[in-house]
Amino acid sequence: MVITHEDTNVSGERLISLILLISLAYTSATISGQKIKRMGVQKYVGRIKESLRIVRRHSSFYIGLYGNNWINFMENSYELVTELLRLSPNKRKYYQQGERAMRLILSAS
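Position in the sequence shown (from 1) plus 34 gives the number in our numbering.
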């Protein structure tokens with residue numbers, strides 16, 4: 035099923051505003067994703083390109099969009115993670131690496 039702008043009943047200034055909003059959101063997520071990739075912490079957000087794979091797995095848009103989702107998840111589940119670390123203190127090193135990546139991704143946003 036293909037949805038056209040006629041199906042949405044959006045036209046004129048409202049259509050232009052909607053298109054502008056979508057393009058700004060896309061541009062923002064793409065730029066954020068490029069910054070995350072340059073920092074080298076994209077492996078925390080999504081799978082990185084495998085050696086035998088010709089086409090990269092995720093675009094800069096995906097990395098930027100899901101980078102913000104990952105940060106929101108980490109902020110909302112902080113208490114749960116603290117409890118899990120109490121049960122497995124040997125995983126603290128990996129958690130600290132993830133925290134560092136989260137701070138870098140937050141600075142890229």
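Just so it is clear, CB atoms sit at the ideal spot from N, CA and C, and this is done for glycine as well.
Nothing here was measured: the structure is a model prediction, and the numbers come from that model.
Tell me where the alpha helix (DSSP H) around residue i begins and ends.
{"i": "G74", "result": "Premise fails: G74 is in no alpha helix (DSSP H) and is neither H nor E."}
{"i": "N110", "result": "94-110"}
On the CB-based measure, 16 or more other CB atoms within 10 Å of its CB, does residue i come out buried or exposed?
{"i": "S57", "result": "exposed"}
{"i": "I53", "result": "exposed"}
{"i": "A59", "result": "exposed"}
{"i": "G145", "result": "Residue numbering for the chain in the displayed model covers 35 to 143; residue 145 lies beyond these limits and cannot be assessed."}
Is residue i near the ligand ATP, going by C-beta to nearest heavy atom under 6 Å?
{"i": "V75", "result": "Among the ligands in the structure shown, none appear at all, so the ligand ATP cannot be discussed."}
In the structure shown, what three-state DSSP assignment does residue i receive?
{"i": "L140", "result": "helix"}
{"i": "S122", "result": "coil"}
{"i": "V115", "result": "helix"}
query: For the 8 Å Cβ check, are there 3 or more pairs between the stretch 99-110 and the stretch 118-128?
result: no
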